[in-house]
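Participant: Handing you this structure, nothing more for now.
Below you can see the structure in the form of structure tokens.
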């Protein structure tokens, strides 16, 4: 009896919601956290069957999941917004078999869901901004492989994003500018992790001078990738006067 009391006290003080059902699907126990999560009192649930509690479309098939757990010892997990919960509260619900019935564990994940939604909106807004600006924007990894290229970048290069993704950007750089490009990649490893570089890039119209501002994106372990954004491109006619007489741009 003492061990049962200690177990009950432990369950009562858990931050996770705990619901216990017998083999017939009737509520045997619900702790304080589950009362808050389910917006129902333990007194109003004890003795009731799960179908009475998890009925309706708002529970995302919870009744069927509990039934499968009771009949076939099936374990399942679902994230749902509990109907009637204030401010759109989200919960992670886990249904698993226990001796004599089933247990439903619930955890409030509202903050995580809101953060995910905020990140999704932020990424959508950023992509909208990038895709509608005239400056070139590209993202490459430490090996120089293209991870992202803005529509303006694709248009200038005369290639689709699918043709660029995964390929090394060095293949587009003029041979005489490869050394400067390598030095720039090394320079961003040092604070302030940004460097300006002018280089010739093979575009749909031939070799074009482009000024890039390369910026490293860091994580806890170091550089992850490099975001690059350009100034306006300068095409060969802009500096023809500096070429030796009779010299033509490389093919």
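In the working numbering, the protein residues as written are 230 to 480.
Think of the CB as a built atom: it goes at the ideal place given N, C-alpha and C, for glycine as much as any other residue.
Would you kindly check if the distance between the Cβ of residue 428 and the Cβ of residue 409 is under 9 Å?
Facilitator: By 1-based counting over the chain shown, the position of residue 409 is 180. By 1-based counting over the chain shown, the position of residue 428 is 199. Contact: yes.
Participant: Distance, Cα to Cα, residue 235 vs residue 352?
Facilitator: Position 6 of the chain shown, counting from 1, holds the residue named residue 235. Position 123 of the chain shown, counting from 1, holds the residue named residue 352. Between residue 235 and residue 352, the C-alpha separation is close to 48 Å.
Participant: What does a CB cutoff of less than 6 Å around residue 310 pick up in its chain, not counting 5 residues either side in sequence?
Facilitator: Position 81 of the chain shown holds residue 310. Cβ within range, chain order: 317, 319.
Participant: Figure out for me which residue from 395, 404, 371 has the closest Cα to the Cα of residue 417.
Facilitator: Walking along the chain shown from the start, residue 417 turns up at place 188. The residue with the shortest Cα to Cα distance from residue 417 is 371.
Participant: Please report the distance separating the alpha-carbon of residue 452 from that of residue 242.
Facilitator: The residue you call residue 452 lines up with position 223 of the chain shown. The residue you call residue 242 lines up with position 13 of the chain shown. Residue confidence is low: residue 452 scores 48 on pLDDT, short of 50, so the model does not pin down where it sits. No coordinate-derived value is stated.
Participant: Checking 9 Å against the spacing of the C-beta atoms, do residue 485 and residue 334 come in under that value?
Facilitator: Look at the range of the chain in this structure, 230 to 480, and you will see that residue 485 is not part of it.
Participant: Out of curiosity, what's the CA-to-CA distance linking residue 331 and residue 388?
Facilitator: Residue mapping note: residue 331 aligns to position 102 of the chain shown, counting from 1. Residue mapping note: residue 388 aligns to position 159 of the chain shown, counting from 1. Distance between the alpha carbons of residue 331 and residue 388: 57 Å.
Participant: Out of curiosity, what's the CA-to-CA distance linking residue 373 and residue 441?
Facilitator: Walking along the chain shown from the start, residue 373 turns up at place 144. Walking along the chain shown from the start, residue 441 turns up at place 212. Taking the straight line from one Cα to the other gives about 14 Å.
Participant: Express the C-alpha separation of residue 259 and residue 246 in angstroms, rounding to a whole number.
Facilitator: The count along the chain shown starts at 1 and reaches residue 246 at position 17. The count along the chain shown starts at 1 and reaches residue 259 at position 30. In a straight line, the C-alpha of residue 246 is about 8 Å away from that of residue 259.
Participant: Could you name the residues of the same chain whose beta carbon sits closer than 7 Å to that of residue 411, not counting the 5 residues immediately before and after it, in chain order?
Facilitator: The residue you call residue 411 lines up with position 182 of the chain shown. Closer than 7 Å at the Cβ level, and outside the excluded window around residue 411, lies no residue.
Participant: If we count the other Cβ atoms within 10 Å of its Cβ and call it buried at 16 or more, is residue 437 buried or exposed?
Facilitator: Translated into the one-based positions of the chain shown, residue 437 becomes position 208. Residue 437 comes out buried.
Participant: Does any C-beta atom of chain C lie closer than 9 Å to the C-beta of residue 365?
Facilitator: Judged by its chain identifiers, the structure shown contains no chain C, having just a single protein chain.
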